[in-house]
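From first to last, the protein sequence lines stand for chains G and L.
All residue numbers for the first sequence refer to the numbering used here, where the first residue is 6 and numbers rise by one.
All residue numbers for the second sequence refer to the numbering used here, where the first residue is 6 and numbers rise by one.
Every residue, glycine too, gets a C-beta built ideally from N, C-alpha and C.
What follows is a single structure, written as structure tokens, with notes after it.
2 protein chains.
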Amino acid sequence: MGGFAGLPGSTAAMPAEVSYYKRMLDDIRARIASGEWPPGRRIPPTRDLLAMYGESFGVRSASTVRRVVEVLIETGELRGHQGVGVYVAGDATE
Amino acid sequence: MGGFAGLPGSTAAMPAEVSYYKRMLDDIRARIASGEWPPGRRIPPTRDLLAMYGESFGVRSASTVRRVVEVLIETGELRGHQGVGVYVAGDATE
DNA sequence: CTGGATTTGTACGTATGTATT
DNA sequence: CAATACATACGTACAAATCCA
Numbered sequence: 006m007g008g009f010a011g012l013p014g015s016t017a018a019m020p021a022e023v024s025y026y027k028r029m030l031d032d033i034r035a036r037i038a039s040g041e042w043p044p045g046r047r048i049p050p051t052r053d054l055l056a057m058y059g060e061s062f063g064v065r066s067a068s069t070v071r072r073v074v075e076v077l078i079e080t081g082e083l084r085g086h087q088g089v090g091v092y093v094a095g096d097a098t099e
Numbered sequence: 006m007g008g009f010a011g012l013p014g015s016t017a018a019m020p021a022e023v024s025y026y027k028r029m030l031d032d033i034r035a036r037i038a039s040g041e042w043p044p045g046r047r048i049p050p051t052r053d054l055l056a057m058y059g060e061s062f063g064v065r066s067a068s069t070v071r072r073v074v075e076v077l078i079e080t081g082e083l084r085g086h087q088g089v090g091v092y093v094a095g096d097a098t099e
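Put into structure tokens, the structure is as follows:
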């Protein structure tokens, strides 16, 4: 099945590929750091993140997106609320 | 496929089950905190962790074990070295 | 030096449970 | 009750690095 073989979505001669995982992790962290997604803001649901990173990076699996979000929840950078959404941490109303 | 439905490996009437994920996370952290796995020590490979947590908790999937290790690597508690092993962080020789 | 075994790393897939709206 | 969305678990495939006979 899967594998990622040089990372699909990028052209042939591209050395030192960065994984989807790390790219998404960095991207979300950058959006938080830049203030685009401020503390307390709800981030897009998994489905929308998949659409986003599907276009920009070529990610095809929701489970890959989810693993990134899970890690950011564990590190305390995000907060998940089942049935509701995932929020940027650091807000006063926590 | 899977699902976990009340967590297999535990008897019927057991409320507020804790997930395999959290139990493994806590267990590894406890081993580190207790000094059983001191800084610099290599932890058992995924295969062995699966055998361990398969017996104690009923975990059946290597991918579940891996996710826990990935999180602990991201939090900086462990350090992974591809082809070699995963080590407890905090050692001088890092 | 070479090739197999070991082990971590990454990606995708699927099923199901639980909480909220 | 249905739809939405997060949470957890298991499974599969392959890549990459290291080790060792």
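- [ ] Please confirm if Arg-72 of chain G has its CB atom under 8 Å from at least one CB of chain L.
- [x] yes
TODO: Please decide whether Val-23 of chain G counts as near chain L, where near means a Cβ-Cβ distance under 8 Å.
DONE: no
Task: Residue environment, Val-73 of chain G, which counts as buried when at least 16 other CB atoms sit within 10 Å - done: buried
Open item on the list: On a Cα-Cα basis, can you pick out the residue from G:Met-29, G:Gly-45, G:Pro-43 that is closest to Thr-51 of chain G?
Closed with: G:Met-29
- [ ] Give me the Cα-Cα distance between Asp-31 of chain L and Leu-77 of chain L, rounded to the nearest whole angstrom.
- [x] 11 Å
Open item on the list: Taking only three categories from DSSP, how would you classify Ile-48 of chain G?
Closed with: coil
Open item on the list: If contact is defined by three or more beta carbon pairs under 8 Å, each pair taking one atom from either stretch, is the stretch 40 to 54 of chain G in contact with the stretch 89 to 97 of chain G?
Closed with: yes
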